[in-house]
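Heads up, the sequence shown is in my numbering, so the first residue is 715 and it goes up one at a time.
Think of the CB as a built atom: it goes at the ideal place given N, C-alpha and C, for glycine as much as any other residue.
This report concerns only the one structure given below.
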Amino acid sequence: EAFESGMPKLDGSSVRGFREIFESDMLLVPDPRTLATIPWHPEAGGTVRFICDVRIGGSYQPYDHDPRAVARKAEQTLAAAGYDTSYWGPEVEFFVFDSVELIPSAQGVRDPWGGAGYLLHQAESPWKGGPVESTVRFKEGYHRSPPYDSTLSLRAEMANILTDHFHVTMDAHHHEVATSAQAELNIRFDELVPTADHIQDVRYVIKNVARRHGKVGCLMPKPIYGDNAIGMHTNQSIWSNGQNAFYD
């Protein structure tokens with residue numbers, strides 16, 4: 715029933731940018747194609763996860779600000795222009811820090827009068843002190859191998875979980891340019907909506923697997939001054955009658 719009628723569990727006024735309180739009743743409609751099993755929650759026989767479409771309560775109409783609805787509108791615009799489909803292949807970059815220390819406190823980050831900073835701790839960092847045999851200097855991390863690549867096994871675990879539990883086809887993973895375990899996970903290209911779903915899967919797995927190992931998965935754009943930032947290169951193509959419109 716939930717797959718057809720949705721679950722009346724979403725208060726749109728509690729989601730920033732969604733709805734006002736007087737129009738906050740919304741529905742979540744699970745998409746069965748997004749079924750994933752969560753390996754780190756085996757309680758009560760296991761936990762599954764679905765990505766949902768957001769509907770307006772009462773009318774059951776798609777919500778305009780739902781990212782999946784926005785993606786579908788983009789696909790409709792593409793079809794109206796005479797194209798059959800588009801494919802998107804993202805390369806998701808991130809850091810894995812051993813720990814992040816806020817200065818002077820969490821309140822300092824929130825309160826404008828508090829002042830704040832942070833310390834990043836990671837085995838590869840050139841500022842860490844101590845033994846230097848695994849240090850990666852700024853902008854010298856691209857495709858580094860162990861012992862300099864300190865998160866090879868962790869990335870392999872992320873990739874295996876994405877493949878086995880989230881049904882995401884992985885193309886590659888590797889150390890990126892920056893120090894401090896900057897990394898990249900490349901997923902196989904797909905159409906727009908499933909690719910967008912898979913990006914959420916990747917971000918979710920990065921943060922949870924890192925946390926289970928006592929580390930911090932970070933997707934902030936520029937956590938390290940002076941070294942490479944985080945991005946997401948996206949390979950794309952548009953097709954019509956079996957021909958790539960980008961092909962010259």
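With distance defined between alpha-carbon atoms, name the residue in the options nearest to residue i.
i: Asn942; options: Ala750, Ser728, Leu816 and Phe809; result: Phe809
i: Gly731; options: Asp780, Gly759 and Tyr774; result: Asp780
i: Glu898; options: Val743, Pro804 and Met740; result: Pro804
i: Pro753; options: Thr865, Pro860 and Asp878; result: Asp878
i: Phe903; options: Ser773, Thr799, Phe736 and Ala750; result: Thr799
i: Asn922; options: Gly759, Arg869, Ser839 and Gly956; result: Arg869
i: Tyr774; options: Val882, Ser719 and Pro756; result: Ser719
i: Met934; options: Tyr777, Gly726, Leu834 and Asp745; result: Leu834
i: Met946; options: Trp802, Gln957 and Val762; result: Trp802
i: Gln950; options: Arg925, His927, Thr909 and Cys932; result: Thr909
i: His881; options: Asp911, Lys853, Tyr862 and Gly831; result: Asp911
If I follow the unbroken alpha helix (DSSP H) through residue i, where does it start and stop?
i: Phe717; result: Ala716 to Ser719
i: Arg858; result: It is not in any alpha helix (DSSP H) - Arg858 carries neither H nor E in the DSSP assignment.
i: Met884; result: Segment Met884 to His889 is the beta strand (DSSP E) holding Met884; no alpha helix (DSSP H) there.
i: Glu805; result: Element bounds for Glu805: not the alpha helix (DSSP H) but the beta strand (DSSP E), Thr799 to Phe811.
i: Leu792; result: Pro781 to Ala794
Do you know offhand how far residue i's Cα is from residue j's?
i: Glu815; j: Gly771; result: 43 Å
i: Val806; j: Thr948; result: 9 Å
i: Ala873; j: Ile913; result: 13 Å
i: Asn955; j: Tyr961; result: 13 Å
i: Leu749; j: Leu906; result: 18 Å
i: Pro756; j: Val762; result: 10 Å
So, at 7 Å on beta carbons, what are the nonlocal neighbours of residue i in its own chain, with the 5 sequence-adjacent residues on each side left out?
i: Gly855; result: His889, Glu890, Val891, Ala892, Thr893 and Gln896
i: Phe929; result: Sequence inspection shows Lys at residue 929; the Phe mentioned does not correspond to that position. Closer than 7 Å at Cβ, skipping near neighbours: Val810, Phe811 and Asp812.
The beta strand (DSSP E) spanning residue i covers which residue range?
i: Pro908; result: Counting along the chain, Pro908 falls outside any beta strand (DSSP E), though it belongs to the alpha helix (DSSP H) covering Leu906 to Arg926.
i: Asn900; result: Gln896 to Ile901
i: Met946; result: Met946 to Ser954
i: Ile770; result: Cys766 to Ile770
i: Pro744; result: Asp739 to Pro744
i: Ile875; result: Run containing Ile875: none in the beta strand (DSSP E); it sits in the alpha helix (DSSP H), Leu866 to His879.
i: Gly760; result: Per DSSP, Gly760 belongs to no beta strand (DSSP E) and is neither H nor E.
i: Ala750; result: Ala750 to Ile752
Suppose the cutoff is 6 Å on Cβ atoms and the five residues either side in sequence are ignored; what does the same chain contact list for residue i look like?
i: Asn900; result: Glu805, Asp885 and Ala886
i: Ala959; result: Ile952
i: Leu866; result: Pro860
Can you list, in chain order, the residues of its chain with a C-beta nearer than 8 Å to that of residue i? Leave out the 5 residues immediately preceding and following it.
i: Lys842; result: His835, Gln836 and Thr849
i: Ile875; result: Pro753, Val919 and Val923
*Indicate whether the contact test is met: 3 or more Cβ pairs, each with one atom in the stretch 927–943 and one in the stretch 787–794, closer than 8 Å.*
no
*Would you check if there are 3 or more beta carbon pairs closer than 8 Å linking the stretch 776–790 to the stretch 915–923?*
no
*Please confirm if the stretch 754–767 is in contact with the stretch 733–746, defined as three or more CB-CB distances below 8 Å between the two stretches.*
yes
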